[in-house]
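Trainee: Following my numbering, the numbering of the sequence shown begins with 35 at its first residue and continues without gaps. All C-beta atoms, glycine included, are put in the ideal place defined by N, C-alpha and C. The structure's right below; bear with me while I get my questions together.
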Amino acid sequence: MPSLSLSVQEEFLLVDRDSLDVVVEQPPALIQRLKDELGPRIRPEFLGAQIRTATAFHHDMEALYTEMVDLRRQLGCIADDFGLAPMAAGTHPFADWHRQRQTRDGQRHAMALELRDLSRRLLTCGMQVKVCIEDPDLRIDLMNQVAYFVPHILALSTSSPFWLSASTGLKSYRISAFSELPRTGLPDLFDSWADFEAHVAVLVKAGIVEDASRLWWDLRPSSRHPALEMRVADACTRVEDAWAIAGFYRVLLHYLYQLKLKNQRWRSYARMLISENRWRAQCYGTDAGLVDLASGQIRPYKQLFEELANMLADNAEALGCESALQGCRQILARGTSAQLQIGAFKAALTSGRSEHEAYQEVVRMLLGLTLAA
Numbered sequence: 035m036p037s038l039s040l041s042v043q044e045e046f047l048l049v050d051r052d053s054l055d056v057v058v059e060q061p062p063a064l065i066q067r068l069k070d071e072l073g074p075r076i077r078p079e080f081l082g083a084q085i086r087t088a089t090a091f092h093h094d095m096e097a098l099y100t101e102m103v104d105l106r107r108q109l110g111c112i113a114d115d116f117g118l119a120p121m122a123a124g125t126h127p128f129a130d131w132h133r134q135r136q137t138r139d140g141q142r143h144a145m146a147l148e149l150r151d152l153s154r155r156l157l158t159c160g161m162q163v164k165v166c167i168e169d170p171d172l173r174i175d176l177m178n179q180v181a182y183f184v185p186h187i188l189a190l191s192t193s194s195p196f197w198l199s200a201s202t203g204l205k206s207y208r209i210s211a212f213s214e215l216p217r218t219g220l221p222d223l224f225d226s227w228a229d230f231e232a233h234v235a236v237l238v239k240a241g242i243v244e245d246a247s248r249l250w251w252d253l254r255p256s257s258r259h260p261a262l263e264m265r266v267a268d269a270c271t272r273v274e275d276a277w278a279i280a281g282f283y284r285v286l287l288h289y290l291y292q293l294k295l296k297n298q299r300w301r302s303y304a305r306m307l308i309s310e311n312r313w314r315a316q317c318y319g320t321d322a323g324l325v326d327l328a329s330g331q332i333r334p335y336k337q338l339f340e341e342l343a344n345m346l347a348d349n350a351e352a353l354g355c356e357s358a359l360q361g362c363r364q365i366l367a368r369g370t371s372a373q374l375q376i377g378a379f380k381a382a383l384t385s386g387r388s389e390h391e392a393y394q395e396v397v398r399m400l401l402g403l404t405l406a407a
């Protein structure tokens, strides 16, 4: 049986506490202090405003939550000494990507050469969840099946409705920005681990990629761990939401594995149909529902999630993830980060604030919620 231990990586934007805009470049002293105090659990990302935390692999969900909270707290305390604060959201409401500088890192410089000006537009933040599935063929089998639920995960996580001081009309504009890159979106279907490796080998032989880490799909086999990595989620503003969605993903994998033990599997659907639901999640979040592919009808997201939660109840209990599913219900009751941001923006305008002041109010809300736990 796979261990299903999990690790969560969260990306943040570093924001100047006075201007509420993102930094262009991290102070060298900040980078050094983060390295000294947090070691490999934190590292700069592609652009100067971005930073990433990574937990250890955990079997116990409470231990995972404790580490996630601790990482945010320590990052917040250290950043505060430099007049900065971490912000967890898929995009910043008014930051201008044209001003960003890339981090001075050899690997990222090579990526910048490949991606050209697209690399500077990646002023976005996501969350990645790695769940250990030690058998490589099982990893591929479960990747093929869990792709059906990518839209369900994305909808809960949406946190990027604004871009360049404009309302995009989307709940996850981050997905649009990220989709400009090659090798993104839903993964292809593969027959086995050998089949996956053979396809990657074609790109490696052609000199297009160094290894599978350059596949930026919504789901992918981790190139560093025997794990299946979920990458579709926007960065979650509240730590409890990030934790809940990570648990939801873990429970889905447990459910699919249990089906396999009964010689059953989740029904396979064409990627064009799953992509349509992915678009609906990107555009509407949890507001407008997803297509129930079995019936061909659009159904309210809350209804679909409640059916899923009931289906997954025994699996959640087996993993100690009952609270995670309840946390997803709380997201639906309270609103996603994208919904809260839009509400805060409209409320600020109604109170007489200018558009820029309204965007600043959104940032203040995001900063407060990022470190609230």
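If you compare alpha carbons, which of E79, H186, S194 and E101 is closest to F282?
Mentor: H186
Trainee: Can you give the Cα-Cα distance for G354 and S41, rounded to whole angstroms?
Mentor: 16 Å
Trainee: Assuming R77 is part of the beta strand (DSSP E), what are its boundary residues?
Mentor: Counting along the chain, the beta strand (DSSP E) containing R77 begins and ends at I76 to P78.
Trainee: Using only alpha-carbon positions, find the residue among I76, L383 and L249 that is nearest to D104.
Mentor: Comparing alpha carbon positions, the residue from I76, L383 and L249 closest to D104 is I76.
Trainee: Report the residue from Q375, Q316 and G330 whose alpha carbon sits nearest the alpha carbon of L307.
Mentor: Closest option to L307, Cα to Cα, is G330.
Trainee: Can you name, in chain order, every residue of its own chain whose Cβ lies under 6 Å from the Cβ of G323, other than the five neighbours on each side?
Mentor: I332, R333, P334 and Y335
Trainee: Does the Cβ-Cβ distance between F196 and Q136 come in under 8 Å?
Mentor: no
Trainee: What does a CB cutoff of less than 8 Å around L109 pick up in its chain, not counting 5 residues either side in sequence?
Mentor: Within the same chain, L109 has close Cβ partners F46, L68, L72, I76, I85, T87 and P120.
Trainee: Determine the closest residue to L338 out of Q162, F183 and G377, with distance taken between C-alpha atoms.
Mentor: It is F183.
Trainee: Mind checking V236: buried by the 16 CB within 10 Å criterion, or exposed?
Mentor: It is exposed - the Cβ of V236 has fewer than 16 other Cβ atoms within 10 Å.
Trainee: Could you please give the first and the last residue of the uninterrupted beta strand (DSSP E) stretch that includes I85?
Mentor: Q84 to A88
Trainee: Quick one: what's got a C-beta closer than 7 Å to L204's C-beta in the same chain, skipping five residues either side?
Mentor: Around L204: P195, S210, Q316 and C317.
Trainee: For a quick check, are the C-beta atoms of A267 and L188 less than 8 Å apart?
Mentor: yes
Trainee: Where are the beta strand (DSSP E) runs, 3 residues long or more, that stay fully inside the stretch 325–389, in chain order?
Mentor: 331–333
Trainee: For the beta strand (DSSP E) containing V103, name the first residue and the last one.
Mentor: Taken as a continuous stretch (DSSP letters only), V103 belongs to no beta strand (DSSP E), being part of the alpha helix (DSSP H) at M95 to D114.
Trainee: Out of curiosity, what's the CA-to-CA distance linking D225 and M345?
Mentor: Those two C-alpha atoms are separated by around 27 Å.
Trainee: A381 and E391 look like a contact to me (Cβ under 8 Å); what is the Cβ gap, rounded to whole Å?
Mentor: Between E391 and A381 the Cβ distance is about 12 Å, and since that is not below 8 Å, they are no contact.
Trainee: Can you name the residues that DSSP bridges to T218?
Mentor: W250
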